[in-house]
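Participant: Sharing a structure, written as structure tokens. Questions coming.
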Amino acid sequence: MAVETKKRASHEGSIPAKRAKPANPVNKDGVSECFKKFTTELYVSLAPCFINDPINGIKAQHLDPLVMTYFPKAKGVVIAYSNLKLSPENKTTDTDDNPIYVSTVSNSSPFTYLWVTVDLLIWQPNAGDIIEGYSYMQTASHIGLLVHDTFNATIKKFNIPAEWRFVPSQVDEYAETEQETGKFKSFGYWVDENDVKIEGKIKFTVKSVHASGRVVSLAGTLIKPGSEKDAQPVIRERRSSNGGVNGSTGKHKKFDEEDVPTVTEIPEPESESVESAIPTYINSEEEAEDGAIVNNSDSEESESD
């Protein structure tokens, strides 16, 4: 039996990083259109006080609290809703053949349950989309953006082109501006490779969408596709320290000459200094004399007694 073997494709060499293609259509200005209509069917409860006005009851209980929150089923933020209808499953006729709507009632709850259909206006950004945001904060670590005057977006330092640089503000500059305008203090601003100040609307690419609870924020990048690797901090440090030569080869350097330890000789002290440094001791005769004096004093004291 012949067995066919296939070799795994080799990935050696430099392969440009792949970026997700925009999931939403792009308009003539090159910006992704993230607003879309999403029709869904919901199984909702209705309080007894709204039994005679179910449409307004469903709006107040379920749809109004849903506005400006992240809706997982639609994978986006609900901006508005329209065309609310009771599902045809709840429609029937009475004894006179008049159309009526019915709902399910349980023995353990006064609430009724029914199906409804509604059209939702969703803001649904995806990774790879190109979006514009207004720059409201610039620091050395990131750029803060406001999309549609509502949603927050952040572009971190290593997602900013390496040719750009940050110009910090002086203490006296932003202190006076803060007192005059009453706004938050400015930490500085970014300039591009032509020393043009970055301000106003900035077009960026969405890297990821974060939905924390009911709040949505975006993480973006200004780096062109295929250049993400060069923007990483390790690559930047290698190129800055080595001047761009042999910075990313990954080879170890060998040095033939080894460091020779230096030896410092300390001269020996002269004989005179050695003798002066040696302590002297009292000889036996001096010790006897001292003993005699002590003994004499002791004998005199004994005689006086």
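Residues 231 to 535 (the numbering used here) are what the sequence shown spells out, left to right. Backbone N, C-alpha and C fix where the C-beta goes; we use that ideal spot for every residue, glycine too.
Kindly indicate the opening and closing residues of the beta strand (DSSP E) around residue 313.
Facilitator: Where residue 313 is concerned, the enclosing beta strand (DSSP E) stretches over 306-316.
Participant: Give me the Cβ distance between residue 369 and residue 417, rounded to the nearest whole Å; I'm assuming they're in contact under 8 Å.
Facilitator: Yes, residue 369 and residue 417 are in contact; Cβ-Cβ is about 5 Å, under 8 Å.
Participant: Report yes if the C-beta distance between residue 399 and residue 386 is below 8 Å; otherwise report no.
Facilitator: No. Outside cutoff.
Participant: Identify which residue in 296, 315, 394, 257 has its Cα closest to the Cα of residue 309.
Facilitator: Out of 296, 315, 394, 257, 296 has the C-alpha closest to the C-alpha of residue 309.
Participant: So what's residue 294 in DSSP terms, helix, strand or just coil?
Facilitator: In the structure shown, residue 294 sits in a helix (DSSP, three-state: H, G or I).
Participant: Name the residue from 424, 428, 354 whose alpha carbon lies nearest to the alpha carbon of residue 367.
Facilitator: Of the candidates 424, 428, 354, the one whose C-alpha sits nearest the C-alpha of residue 367 is 428.
Participant: When the Cα atoms are used, what is the spatial distance from residue 343 to residue 274?
Facilitator: Approximately 6 Å, taken between the alpha carbons.
Participant: From this set, 355, 319, 332, 298, which residue's C-alpha is nearest residue 436's C-alpha?
Facilitator: Among 355, 319, 332, 298, the Cα nearest to that of residue 436 is on 355.
Participant: Is the CB-CB distance between residue 311 and residue 283 below 8 Å?
Facilitator: No, the Cβ-Cβ distance between residue 311 and residue 283 is not below 8 Å.
Participant: With DSSP run on the structure shown, which of helix, strand or coil describes residue 281?
Facilitator: In this structure, residue 281 counts as coil in the three-state DSSP scheme.
Participant: Residues in its own chain within less than 7 Å of residue 287 by CB, not counting five upstream and five downstream?
Facilitator: The answer, listed in chain order, is 276, 277, 280.
Participant: With a threshold of 6 Å on Cβ separation, who are the neighbours of residue 306 within its own chain once the five nearest residues in sequence on each side are excluded?
Facilitator: Result list for residue 306: 352, 353, 354, in chain order.
Participant: Let's see if you can read the secondary structure: which residues bound the beta strand (DSSP E) around residue 450?
Facilitator: Its beta strand (DSSP E) spans residues 445-451.
Participant: Leaving aside the five residues before and after residue 269 along the sequence, list all residues of the same chain whose C-beta is less than 6 Å from its C-beta, in chain order.
Facilitator: 349, listed in sequence order.
Participant: Output yes or no for whether 8 Å exceeds the beta carbon distance between residue 446 and residue 300.
Facilitator: It is a contact, given that the beta carbons lie within the stated cut-off.
Participant: Cβ of residue 383 within 7 Å of any heavy atom in the ligand MG?
Facilitator: Ligands displayed in this structure: none; no statement on the ligand MG is therefore possible.
Participant: Using the C-alpha atoms, what's the distance from residue 375 back to residue 382?
Facilitator: Rounded to the nearest angstrom, the two C-alpha atoms are 6 Å apart.
Participant: Taking all protein chains shown into account, do 16 or more other C-beta atoms lie within 10 angstroms of the C-beta of residue 359, making it buried, or fewer, making it exposed?
Facilitator: It counts as buried.
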